[in-house]
Amino acid sequence: MVHGPFGLFINLKTFLSVSLESLPVDSALSGSRVYVHLSSNVHELNATTANNKRKQAQDEATADDSAAGRANKPTKMAIAVEGGFSADGDMIDPSGNFAAVEPTISYRLCVYTAASTAATAAVARGLADIYRSSSIKQQQQKRAEVDEEGQEQQQQWRSDMTLLQQYQEQLLQQLAFLPLDDPDVPAAVAAAAKHLAETKHTVADSAPSAAWVEEILPSKYAEDLPVVENPPKISPSNWKCADCGASTNLWLNLSDGFIGCGRKLYGAGGGCADGREGAAIRHYKETGSIYPLIVKLGTISADSADVFSYAPDEDSTVIDPKLPEHLARFGIETQQLRKTERSTNELAIDLNCKYDWASLTASASEQQQQQQKGAGFVGLRNLGNTCYVNAVLQALFSVPRFCEKFLRMYEPLICCQGLPSAAAAAAGGGPAKCLSLQLGALSVALQTRRVCMQKALGLVLLQRVLQQQDIQIEEKQLISDLPYLAHDAVSPLSLRAIIGSLHAEFATSRQQDAEEFLSLLLSWIGDREAGDRRQLQQLRQQLQSGESSAVAAAAAALGVTDDSLQATEEVLREGAVDALFSFGVEQRLECLQSRQVRYTYSRQQVLALPIPLHVQQEEEEQQQEQQRQQKRRKGAEGTPTESDTGAETGGDTTETHCETEEPVAPAAPSVPLSSCISAAAAAAAVNDYLSPATGAKGDAEKTLRLTNYPEYLLVFLKRFYISDRWIPKKLKCSVEIPEEVSFEELRASGLQPEERELPDEPPQPQQQQQQGNNSGTAAAAAQAAANDEVVATLESMGFSSNAAKRALRATGGAAAESCVEWLMGHLDDPDLNDPIPAPAAASASGAAEAAGGAAAADAKDQPDAEAVANLMALGFDERSVRAAFFATRGQTSSGGIATEGGPFDAGRAADWLLSQGSGLAAAVEEALAAAAAAAAAAAAAEEAREAEAQEKQALEAAAAGLSPLERCRLGLEDGCGKYRLFAFVSHLGSSVSGGHYICHVRSKDGSGWLQYNDEKVTKLQSCDSRQAYLLLFKRVETESKEPPAAMQKDA
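The sequence shown begins at 401 in my numbering and counts up by one.
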């Protein structure tokens, strides 16, 4: 996650890259001491470039306007060609352009010699203490600003930085660096290192960026341009806008002669004098968008003119081959005019030369606020539309117990990579594919001082390198010269790769829904908690045994002890997903025909709150009203008069047409959060419900309630919906969120004494049982036909056949509307599109597989004794023969066809023995070691399955005799349903598949809010939560410890 200023070290045995601080434990786990060291001088190059540029600017400021400066100024909208802009830019961005950074990377061999175990553990513990210091003064340290009150904090910071440098120097003293072509390096090691250095080109795209020149094409509308009869005559001067009377930036419509102001351009002005959109484009829209070509008055000369096309398929500067002919209709002779105004091309070049593009990275309000640095103020870089990931992770890691869990698990999980149970994971990617380990690395980066201290150390080392070149630059100036170092931020590349492997959509660069990612992430974390707990228990057993192993050596290097592991297990229980976020959902279904009910329970981590229906209707009515106003503004299409064109007719052309004024957009509807809670508590109608009590279809009602209130309640507002035309839309309404919110009206009560439960199956009347097969067959056929019709309807909406059948089965054969509602709530189910298994077939096949697997397990673990004896007759010892069988286990024949001899094949084993030659002894040891590791991994996996089965049995035993409501509450925290807003995620934009996500978290002291906008972290005194999409509430703890009234009633 953070490799630090000393580069990366790639293990030549495992090919995993680690930082300098992680090198001792990596060497202990892998047993390897040889690494390839990667380092880059990109910061040095950037700082030198910025310093030279600053000196050049100072020299040019003291000199007169030089010809060289004029010659270097761009004259055309182009890149990497003469007269255009430079393609290289001034800086190499090390966080987002590996192809540009790759030439700055150097490779060399590194041999690590471990110090004593006590010394290594002391360094590791010292680094952890420095990084994880919880002092508020240290966390709020601002190195760039020193005042009298902060002298003590600054002194503590300098002391910590000195200690950090001492620890790093101790680690560097244990390393020996060699060039790749050193003659003393063994040939095999040198070849592997050189191959590793050469494979860099497969990652970096070294192809230079292609040159680009703005291409201006002839307009396809010029040949047959629609024109009006008897157009007005245009005088050669004194032009004015027909709408606002302005005399600059005027455009002539080549079809009807209308003269109006150009449209607004971001950063370059434009538009009418009264602030409205330019009259020229408004006139184009009001006349039915049939007169697309305009020419800028003042740019017309004998050989050129600035022509623009408003047509949607062009919408750019174009060439009008018949421009002289079109202008002649208005009495304009091109030979008599000369250029008096700059063209749009020249304006664009000037804007690109003068504009401060760095100002785009922050809004005006953000620039006025002070950027935060240090622990808790670390941002996440956007890796390509990953703002939804960044916002969700910042919100989750702001929860203290959640973050502390991964922070405490990080080092023990590193040690667990050497356990037998991690062997299978190592084959699939090892630590780089371990979700819990990567989340632990992220917690270290976000909630400790490691990022800011590593960056500060890097700046100190960079200053030393620059001083050797006689370049003196202060730290403030360095940060100004290297803008990518202005923020404390990390790039979670490994974590994103894991997320992409768990869900294919998250591997793409398309924008995704933050709520969907949040729900899946919490489910992934919850699914791995039992395995993480078992790994910690295995690590404790390993340390308690006192055996010397790689795991014990790694634990000693990191200072992990039995006591620390015991504390970590407790933190893991307190920070579990169920302990923090999970709540039970009670669904009550009442059949309105029989007045019988059915209760079902499930667990969730995110509560969905609907926005009341009237808000959606209001927004749709506003959109329709705006469309009607636009149509009325267009009016009747006809030939404009001379006065409308702004031509010289002797009249006053400064008159403004009031009918063209754009109406003010109405304010978006506003709704209190309590209305959303009430909407969630209201009963929802279920039509065409097949009642198991009556056996007929009728109406039913469904209500949802919460069985408990966790410490943190995650809520998402259903802003996105599907319109009647099946178009995804977003509600832009404001949701008023008070300081404290009560969700008590959603508390579940369970089955009441006066209620009767619905039967599981519909009744079978005796008359129906006595009817003939024909009537029964006809009814079944009619029901099947109705179900087929519903399935076909759902398939036409884009759902798969299997998903439609699952919805039909889950809703009891309800209508298509109910099935759609069920499908929209189960889109995240992993088996939604899988075929529905037959219960009998599934159970039979499962039993057969279990019986067959248990019987054949022992036979597959060892080679056949007769086959071993046959190979021993060739002169090989039994140890070598067994190693040959294990080394070739599961391989195919030379023709690529699996043999019939099972996983062990005597022919493959004999070929292996004969092909080893003098290296047979080493190959035998390696094969037997791999076989032992595989056997240990299989045993650990079997032990994990048994432990999981025991845990399941324990839960079932604990739930025995409890009501369904009590079983759902089992193991979940509960308290008062009163909450306070703790954090929220907002979606900026109106598109479902676009926009931008940002996160706001309440500061620890409650004095304001922290805004996480990718890599930028800003402290705000207040913020607007009315457009929030995801809400994170923290339960308000009351003084009374008595359970809620509903719980007392249940008891």
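Built from N, CA and C at the ideal position, the CB exists for glycine as well.
In this model, glutamine 868 and lysine 455 are separated by some 18 Å (Cα to Cα).
In the three-state reduction of the DSSP assignment, threonine 1107 falls in the coil class. Spanning the alpha carbons of glutamine 941 and proline 583 requires a straight line of approximately 46 Å. Linking serine 427 to phenylalanine 983 through their CA atoms gives a straight-line distance of about 44 Å. Check the Cα spacing between valine 1220 and each of Val1191, Ile1236, Asp1231, Pro1235: the tightest is with Val1191.
Assignment of isoleucine 410 by DSSP, reduced to helix, strand and coil, places it in the strand class. DSSP places threonine 1418 in the uninterrupted beta strand (DSSP E) bounded by 1416-1420. For the 7 Å CB-CB criterion, cysteine 815 and alanine 955 form a contact. Going by DSSP, serine 1070 is part of the beta strand (DSSP E) stretching over 1070-1072.
For phenylalanine 1120, the enclosing beta strand (DSSP E) covers residues 1120-1122. In the three-state reduction of the DSSP assignment, alanine 1215 falls in the coil class, being assigned neither a helical nor a strand state.
Non-local beta-carbon contacts of phenylalanine 1286 in its own chain, meaning distances under 6 Å to residues more than five positions away in sequence, involve Ala1327, Ala1331 in chain order.
Its chain contains Glu875, Leu878 as the residues whose beta carbon lies nearer than 7 Å to that of leucine 859, once the 5 sequence neighbours on both sides are disregarded; these appear in chain order. Put simply, the backbone Cα of glutamine 1005 is about 7 Å away from that of serine 919. Remark: three or more beta-carbon pairs, one from each stretch, lie closer than 8 Å, so the region 1089-1109 and the region 987-1000 are flagged as touching. Residue pairing by DSSP places histidine 1400 opposite Phe1384, Gln1411 in a beta bridge.
Contact annotation: the region 1403-1418 does not touch the region 1333-1350, with fewer than three C-beta pairs closer than 8 Å. Taking the CA atoms as reference points, leucine 1372 sits about 16 Å from alanine 1354. Considering only Ile1122, Val1141, Asp932, the residue with the shortest C-alpha distance to tyrosine 1112 is Val1141. In terms of CA proximity to tyrosine 810, Leu837 leads the group Thr517, Phe415, Leu837.
Assigned with DSSP and collapsed to three states, serine 647 falls in coil, not helix or strand.
With contacts defined as CB atoms closer than 7 Å, alanine 1359 and leucine 1370 qualify as a contacting pair. Between the alpha carbons of serine 533 and threonine 414 lies a distance of about 33 Å.
At the C-beta level, alanine 592 and leucine 412 come within 7 Å of one another. In the assembly as shown, glycine 660 is a buried residue. Its beta-carbon has 16 or more other beta-carbons within 10 Å. Distance between alanine 1207 and valine 960, taken at the CA atoms: about 51 Å. With a cutoff of 7 Å on beta-carbon distance, alanine 886 and valine 792 are scored as not near each other. In the DSSP assignment, the residues bridged to histidine 437 are Phe409, Arg508. A straight-line Cα-Cα distance of about 38 Å links glycine 1375 and serine 1391.
Membership of arginine 808 in the alpha helix (DSSP H) is indicated by the continuous run 800-816. Excluding sequence positions up to five before and after leucine 571, its CB lies within less than 8 Å of the CB of Leu420, Glu421, Leu423, Pro424, Val523, all in the same chain and listed in chain order. Under the DSSP assignment, leucine 571 falls outside any beta strand (DSSP E), being part of the alpha helix (DSSP H) whose first and last residues are 551-572.
Counting only the Cα atoms, lysine 1118 lies some 7 Å from alanine 1008.
In the three-state scheme derived from DSSP, where H, G and I count as helix and E and B as strand, serine 533 is classed as coil. Per DSSP, the beta bridge partners of arginine 988 are Tyr999, Thr1103. Exposure of asparagine 630 is indicated by the presence of fewer than 16 other C-beta atoms within 10 angstroms of its C-beta.
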